[in-house]
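K.L.:
So in the numbering used here, spot 193 of the sequence shown is number 199, and the numbers just go up one at a time. Note that CB positions come from ideal geometry on N, CA and C, so glycine has one too. If you're wondering where the values come from, they're calculated on a predicted model, not measured in any experiment.
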Amino acid sequence: RSIKALEERLGVSLLERTTRRIRLTQAGEWYRSQVTGPIRSIAAADEIANAQSREPKGTVRLTAVTGYGQMRLFPALERFRKAYPNIVCDVELSDRYLDLSTGEIDIAIRATADPPDYLVAKRLHDNQWILVASPEYLAQNGKPKKFSDIEKHAALGYRGARGVMPWLAVCRTGETVTIPRKLSFITNYGLEILDAAKNGEGLAFLPRWGLTNALAENSLQEITLDDARIDFSTGPEMSVYLLYDPIKAKLGKIRATVDFLREALSET
Numbered sequence: 007r008s009i010k011a012l013e014e015r016l017g018v019s020l021l022e023r024t025t026r027r028i029r030l031t032q033a034g035e036w037y038r039s040q041v042t043g044p045i046r047s048i049a050a051a052d053e054i055a056n057a058q059s060r061e062p063k064g065t066v067r068l069t070a071v072t073g074y075g076q077m078r079l080f081p082a083l084e085r086f087r088k089a090y091p092n093i094v095c096d097v098e099l100s101d102r103y104l105d106l107s108t109g110e111i112d113i114a115i116r117a118t119a120d121p122p123d124y125l126v127a128k129r130l131h132d133n134q135w136i137l138v139a140s141p142e143y144l145a146q147n148g149k150p151k152k153f154s155d156i157e158k159h160a161a162l163g164y165r166g167a168r169g170v171m172p173w174l175a176v177c178r179t180g181e182t183v184t185i186p187r188k189l190s191f192i193t194n195y196g197l198e199i200l201d202a203a204k205n206g207e208g209l210a211f212l213p214r215w216g217l218t219n220a221l222a223e224n225s226l227q228e229i230t231l232d233d234a235r236i237d238f239s240t241g242p243e244m245s246v247y248l249l250y251d252p253i254k255a256k257l258g259k260i261r262a263t264v265d266f267l268r269e270a271l272s273e274t
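1) When you compare only the Cα positions, how much space is there between R187 and A160?
2) Is the segment 233-243 touching the segment 168-185, taking contact as three or more C-beta pairs under 8 Å?
3) Could you tell me if A222 is buried or exposed, where buried requires 16 or more neighbouring beta carbons within 10 angstroms of its beta carbon?
4) Can you tell me which of I9, L249, D112, G64 puts its alpha carbon nearest to the alpha carbon of R38?
5) Would you decide whether A167 is buried or exposed? Buried here means 16 or more other CB atoms lie within 10 Å of its CB.
6) Just how far apart, CA to CA, sit Y74 and G216?
7) Between the Cα of E273 and those of K259, V264, N133, spot the shortest distance and give me the residue it belongs to.
8) Judging by CA-CA distance, which residue of S19, N224, D112 is the nearest neighbour of V126?
9) Counting pairs of Cβ atoms below 8 Å between the segment 133-142 and the segment 79-92, do you hit three or more?
10) Taking the DSSP output, what are the residues bridged to T218?
11) Starting from G64 and walking both ways along the beta strand (DSSP E), at which residues does that stretch end?
12) Short check: CB of F80 to CB of P172, under 8 Å?
13) Can you round the beta-carbon distance between I199 and L226 to whole angstroms, since I take them to be within the 8 Å contact cut?
14) Kindly confirm or deny that the segment 109-124 and the segment 192-210 touch, where touching means at least three C-beta pairs closer than 8 Å.
15) Note down, in chain order, each residue of its chain lying with its Cβ closer than 8 Å to the Cβ of I93, except the 5 sequence neighbours on either side.
16) With DSSP collapsed to three states, give me the class of W36.
17) Quick one: Cα of E243 to Cα of E22, how far?
18) Spell out the partners DSSP gives L98 in its beta bridges.
19) Does the segment 246-254 come into contact with the segment 147-156, if we say contact requires no fewer than three beta-carbon pairs (one atom in each stretch) closer than 8 Å?
20) Where M77 and E207 are concerned, what is the direct C-alpha to C-alpha distance, given to the nearest angstrom?
21) Drop a sphere of 10 angstroms on the beta-carbon of G241, count the other beta-carbons inside from all chains shown, and report buried for 16 or more, exposed for fewer.
22) Could you work out which residue in T193, V18, G109, W36 is closest to K254 when comparing CA atoms only?
23) Would R214 pass as a contact of T193 if the rule is Cβ separation under 8 Å?
24) Hey, out of A82, K158, G34, G169, whose CA is closest to E269's CA?
25) Are the CB atoms of K204 and S107 nearer to each other than 8 Å?
26) Over the uninterrupted alpha helix (DSSP H) stretch that includes A202, give me the two end residues.
27) When the Cα atoms are used, what is the spatial distance from E35 to Y195?
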């Protein structure tokens with residue numbers, strides 16, 4: 007009845023009705039796109055007003071790339087849940103792009119060089135990746151000294167959203183060269199690459215933020231080349247950011263989660 011009244015007031019049909027289904031007309035799609043934002047803002051304002059004088063509680067939706075979620079976020083959230091038992095963490099780990107403007111995600115952790123300007127972006131740490139191998143592998147196969155040596159070694163490849171990510175040699179001369187590799191294992195599961203590297207299966211290119219324990223216990227060693235550094239792209243340097251909506255930040259549950267994760271995940 008309310009849709010009928012709205013259609014009469016606007017003088018357009020918002021729904022196309024058949025005996026089998028009901029769907030939005032072109033005018034209905036346009037109307038929905040115009041009102042979704044304001045309705046979401048009103049809902050957020052209502053939640054903020056209702057939560058001002060209460061302890062932090064409710065559901066917080068978070069997202070992070072798979073490797074970061076497994077290696078860094080989940081251990082932090084285990085401590086967070088003990089500190090805030092009334093906050094439910096709903097976590098989606100995904101390497102695919104998620105549109106944060108829809109408002110369905112409360113907090114995102116992403117590596118980027120250009121955080122979206124409609125969100126608050128708190129830098130956690132850099133996103134440096136390094137070449138590593140186990141001491142056993144290097145003792146048996148030798149340590150590469152130049153980027154041309156890498157082709158002689160077994161390499162562990164990471165499959166991203168656009169395919170197997172290349173290793174680029176950024177030479178001291180300024181030239182950038184794609185490094186040929188003898189791939190022995192490929193996966194989009196970062197922990198498997200980490201384990202394979204520890205087991206001596208080859209060279210791996212992994213984020214430093216995921217290697218703290220492995221480097222400290224010497225199960226992996228960092229490899230530096232004499233003539234180049236390795237990277238995935240020639241784009242600007244990226245950092246890892248905590249991203250959230252400034253309006254939602256007024257909610258106690260969001261504020262508590264953001265403050266906790268900034269302290270738990272930040273690195274000097």
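P.N.:
Answer, in terms of the structure:
1) 7 Å
2) yes
3) exposed
4) I9
5) exposed
6) 7 Å
7) N133
8) D112
9) no
10) Paired residues: none, contrary to the question.
11) 64-70
12) no
13) Actually they are not in contact, since the Cβ atoms of I199 and L226 sit about 11 Å apart, beyond 8 Å.
14) no
15) P62, K63, G64, T65, V66, F86, R87, K259, A262, T263
16) helix
17) 49 Å
18) It should be noted that the sequence gives Glu, not Leu, for residue 98. In DSSP, E98 forms a bridge with T69.
19) no
20) 21 Å
21) exposed
22) G109
23) no
24) A82
25) no
26) 196-204
27) 38 Å
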